[in-house]
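Chains as they are written, first to last, in the numbering used here: chain A, 1 to 328; chain B, 1 to 338. Written below as structure tokens is the structure these notes are about.
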Amino acid sequence: MSISSTKENCLEIQNLKKYFEIKAGFLKKPNILKAVDDVSFSIARGETMGLVGESGCGKTTIGRTVLKLYEPTDGKILYCGEDITNLDDKQMISYRKKIQMIFQDPYTSLDPRMNVAHIIAEPIRFMHLMEGKDIMDRVRELVELVGLKQDHLNRYPHEFSGGQRQRIGIARALAAEPEFIVCDEPISALDVSIQAQIINILEDLQSKFNFTYLFISHDLAMVRHISNQVGVMYLGNLVEYAEVEELYENMMHPYTKALISAEPAADPDKAEASQRIVLQGDVPSPINPAPGCPFRSRCQYAKEICGSVKSDLKKINDKHYVACHLFE
Amino acid sequence: MSDTNTDNNVLLDVKNLYTGFTTDDGLVKAVRGISIHVNQGESLGIVGESGCGKSVSMLSIMHLLADNAILKADAVTFGGEDLLHKSVKEMRKYQGNEISMIFQDPMTSLNPLFTIGEQITNPLMRHKKMGKRAALEKAAQVLDQVGIPDPQKRLKQYPHELSGGMRQRVMIAIAICCDPRLLIADEPTTALDVTIQAQILELMQKMKEEYKMSLILITHDLGVIASMCSRVVVMYGGLIMEEGPLRDIFYRTGHPYTLGLLESIPKHDKQRLVPIYGTPPDLLNPPKGCPFAARCKFAMKLCQEHLPQLTEIGEGHRSACWLHNPSVKAKRGEVKLS
Chain A
1 MSISSTKENC LEIQNLKKYF EIKAGFLKKP NILKAVDDVS FSIARGETMG
51 LVGESGCGKT TIGRTVLKLY EPTDGKILYC GEDITNLDDK QMISYRKKIQ
101 MIFQDPYTSL DPRMNVAHII AEPIRFMHLM EGKDIMDRVR ELVELVGLKQ
151 DHLNRYPHEF SGGQRQRIGI ARALAAEPEF IVCDEPISAL DVSIQAQIIN
201 ILEDLQSKFN FTYLFISHDL AMVRHISNQV GVMYLGNLVE YAEVEELYEN
251 MMHPYTKALI SAEPAADPDK AEASQRIVLQ GDVPSPINPA PGCPFRSRCQ
301 YAKEICGSVK SDLKKINDKH YVACHLFE
Chain B
1 MSDTNTDNNV LLDVKNLYTG FTTDDGLVKA VRGISIHVNQ GESLGIVGES
51 GCGKSVSMLS IMHLLADNAI LKADAVTFGG EDLLHKSVKE MRKYQGNEIS
101 MIFQDPMTSL NPLFTIGEQI TNPLMRHKKM GKRAALEKAA QVLDQVGIPD
151 PQKRLKQYPH ELSGGMRQRV MIAIAICCDP RLLIADEPTT ALDVTIQAQI
201 LELMQKMKEE YKMSLILITH DLGVIASMCS RVVVMYGGLI MEEGPLRDIF
251 YRTGHPYTLG LLESIPKHDK QRLVPIYGTP PDLLNPPKGC PFAARCKFAM
301 KLCQEHLPQL TEIGEGHRSA CWLHNPSVKA KRGEVKLS
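In structure tokens, the structure reads:
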């Protein structure tokens with residue numbers, strides 16, 4: 001199964017798998033943690049794909065594998081049609097310029113011993129993109145782009161608030177002039193009033209530079225706001241994938257329904273009217289998962305077949321794919 | 001301050017609370033004169049950004065502050081009794097007994113060295129003078145009530161053997177096992193996934209009804225407030241900006257800060273978000289006037305110089321904003337906020 005759009009793909013992953021071995025003991029066979037299990041999707045240039053799911057579902061692992069911070073176990077990663085799956089670190093450098101990342105925690109992702117100018121200039125120096133005086137000119141330009149001031153350049157990360165630090169992180173990601181940016185929970189550590197500031201910056205940058213985003217988040221309302229397509233993940237599997245409005249208006253997978261209904265609406269009338277689907281139990285362990293549908297242990301519609309056969313993503317229409325035996 | 005405070009229905013009444021922390025840089029004025037009351041059986045929500053004083057004000061009431069804290073208030077009464085002048089020893093009779101607290105992070109607020117059973121029986125043996133066996137029996141019963149399967153087995157386990165959602169259930173079990181009259185939940189679901197959050201919120205609602213508790217829910221999530229609370233207090237910069245019944249806060253908003261919070265939430269229509277620009281004030285040197293003035297789109301010169309007082313703008317609905325002042329209204333006309 002491959003999901004492909006008619007538009008020019010910026011990034012495509014095909015049957016991506018990332019397994020981690022967990023040592024069980026001396027001479028014992030290691031346990032396998034299937035963090036990402038056979039996931040395929042593509043993102044068109046200039047668009048945003050949102051990836052949602054609970055903690056431990058493999059969202060971040062996908063983000064990191066796409067950047068080749070993790071070596072994929074199996075499957076393919078295509079960047080602008082070129083296979084980058086098996087490139088070594090040296091060959092990857094030219095792609096790392098184009099693919100950058102914004103991290104979740106602005107408190108730990110900036111080096112406390114570097115000032116802002118150094119932090120932002122580091123990728124430029126490391127990749128030899130510019131020399132001498134040009135570097136500082138570029139840094140000044142970047143600081144301006146993310147809404148910080150020139151006199152912030154000589155300060156250190158601890159002097160900034162969470163929202164300002166996240167701006168520094170964005171400026172650093174922009175330094176290499178990327179085309180594709182993995183945003184790994186860029187707003188979840190921030191206060192509500194600051195979240196909107198960061199989202200607006202990301203949107204402005206996208207319309208200015210035609211960036212492509214992979215937006216990883218558990219904030220469903222924000223994902224709906226910023227994304228063109230949304231993928232829903234559960235226990236390493238992509239269970240539903242659709243155009244954003246199609247997904248939120250016409251969700252099909254029982255997990256997607258539960259996930260979206262669980263988010264409380266910030267509106268007393270809607271909160272009172274809404275029927276919340278409360279899932280029982282916890283997400284099962286991804287270590288040596290049982291065969292069949294990963295969601296069946298919490299699914300109220302689970303049938304016999306769900307316990308033995310895992311459903312593949314099936315096309316419902318051009319804009320909508322779902323992996324569930326209910327729709328076969 | 002208001003006449004609703006004087007009737008017998010009030011469980012917790014806090015008048016003019018100030019909390020500060022002495023640090024090397026000076027006095028951090030975390031809470032700067034707030035009055036809060038909770039009625040019997042009521043769910044009060046306290047919203048605000050990090051550092052606005054929501055948690056500190058509750059910890060002040062419970063006498064759970066660090067040694068460098070300075071506390072001052074006109075009165076703190078609980079069920080008619082004064083809490084403000086209680087000694088550490090006298091307060092222990094209340095902590096975990098009449099007033100219980102659930103903390104934000106279930107990963108760090110349970111003691112990793114004691115079993116779940118030891119941690120639940122501790123308050124039962126201390127406050128209810130139960131024997132060990134009776135306490136264990138009650139503990140198993142409470143664990144069952146909070147939806148933990150196989151309670152007998154769990155009693156013997158350590159916190160690291162449980163998931164985040166399970167640990168938060170254990171926290172709730174510890175908090176409710178002595179039948180408290182007031183439960184203070186400080187961001188009880190912030191560290192949890194939405195599906196687990198839904199479970200915990202449902203459980204808290206059920207427990208509140210079953211035990212006829214009053215609830216104070218501290219959160220920054222307006223969605224949680226909308227589905228759990230009947231009255232809301234909005235805090236900013238150590239002060240109360242607005243308070244009132246749930247629907248008044250959401251639909252007849254009386255303060256620009258509350259409006260800013262509501263506008264920052266995406267509305268499903270892909271319209272550009274309206275953030276609150278700037279950052280919260282530094283509580284080492286809080287501004288002389290309204291703490292929100294620097295970020296407020298309606299701010300006037302007056303706001304920077306004088307602190308507005310909470311004024312009644314509807315039944316039980318108060319807002320601390322100069323826009324509601326009669327002479328400002330006469331000059332500027334009515335400003336529509338909601």
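The C-beta atom is built at its ideal place from N, Cα and C for all residues, glycine as well.
| Query | Result |
| --- | --- |
| Is there a Cβ of chain A sitting closer than 7 Å to that of ALA191/B, yes or no? | no |
| Using the Cβ count rule (16 or more neighbours within 10 Å means buried), how would you classify MET241/B? | buried |
| For LYS23/A versus PRO286/A, is the C-beta distance shorter than 7 Å? | no |
| Using a cut-off of 8 Å between C-beta atoms, extract the partners of GLY163/A located in chain B. | THR279 |
| Restricting to Cα atoms, I'd like to know which of LYS133/A, ILE199/A, GLU159/A is closest to ILE102/A. | ILE199/A |
| Could you work out which residues of chain A lie near GLN197/B, taking near to mean beta carbons separated by less than 9 Å? | ALA262, GLU263, PRO264 |
| Among SER227/A, PHE160/A, TYR19/A, which residue has its Cα nearest to the Cα of PRO106/A? | PHE160/A |
| Can you list, in chain order, the residues of its chain whose CB lies under 7 Å from that of ASN16/B, leaving out five sequence neighbours each side? | GLY33, SER35, ALA73, ASP74 |
| Out of ASP204/A, TYR241/A, PRO268/A, ASP318/A, which one is the CA nearest neighbour of ARG272/B? | ASP204/A |
| How about GLU49/B: is its C-beta nearer than 7 Å to some C-beta of chain A? | yes |
| Anyone know if the C-beta pair for LEU283/B and VAL10/B falls short of 7 Å? | no |
| Tell me the DSSP bridge mates of CYS183/A? | ILE102/A, PHE215/A |
| When Cβ atoms are compared, which residues of the stretch 223-246 of chain A fall closer than 7 Å to chain B? | ARG224, HIS225 |
| Quick check on DSSP: helix, strand or coil for LYS17/A? | strand |
| Out of curiosity, what's the CA-to-CA distance linking THR6/B and GLY63/A? | Confidence in THR6/B is poor, its pLDDT being 47 and thus under 50, which makes the residue's placement unreliable; the coordinate value appears in the next sentence. Those two C-alpha atoms are separated by around 57 Å. |
| Please list, in chain order, the chain A residues whose beta carbon lies closer than 7 Å to that of ALA226/B. | PRO264, ALA265, ALA266, ASP267, PRO268, ALA271 |
| Does the CB of SER57/B have a neighbour CB from chain A at under 7 Å? | no |
| If you compare alpha carbons, which of GLU47/A, PRO254/A, ALA189/A, VAL139/A is closest to TYR301/A? | PRO254/A |
| Just tell me which of GLY75/A, SER94/A, VAL66/A, ALA173/A has its CA closest to the CA of LEU110/A. | ALA173/A |
| What is the residue span of the alpha helix (DSSP H) that ASN285/B lies within? | Element bounds for ASN285/B: n/a, residue is neither H nor E. |
| Among ALA290/A, HIS320/A, ASN317/A, whose alpha-carbon lies nearest the alpha-carbon of CYS306/A? | ALA290/A |
| Just how far apart, CA to CA, sit ILE226/A and GLY50/A? | 8 Å |
| What are the residues of the stretch 182-205 of chain A that lie near chain B, defined by any Cβ-Cβ distance shorter than 8 Å? | ASP191, VAL192, SER193, ILE194, GLN195, ALA196, GLN197, ILE199, ASN200, GLU203 |
| Mind listing the chain A neighbours of ILE218/B? Cutoff is C-beta to C-beta under 9 Å, in chain order. | None at all; the shortest Cβ gap to chain A is about 14 Å. |
| Report buried or exposed for TYR211/B, applying the criterion of at least 16 other Cβ atoms within 10 angstroms of its Cβ. | exposed |
| For the 8 Å Cβ check, are there 3 or more pairs between the stretch 116-125 of chain B and the stretch 133-148 of chain B? | yes |
| Kindly give me the distance between the Cβ atoms of ARG224/A and TYR241/A, rounded to whole angstroms, as I take these residues to be in contact under 8 Å. | At roughly 15 Å, the Cβ-Cβ gap does not stay under 8 Å, so ARG224/A and TYR241/A are not in contact. |
| With 16 as the cutoff for other CB atoms within 10 Å, does ILE93/A come out buried or exposed? | exposed |
| Unbroken beta strand (DSSP E) runs of length 3 or more, entirely within the stretch 214-293 of chain B: which are they? | 214-219, 231-236, 239-245 |
| Near LYS86/B, which residues of its chain fall below 8 Å by C-beta distance, leaving aside the five closest residues on each side in sequence? | HIS63, TYR94 |
| Any contact between the stretch 94-106 of chain B and the stretch 173-186 of chain B? By contact I mean 3 or more CB pairs, one from each, below 8 Å. | yes |
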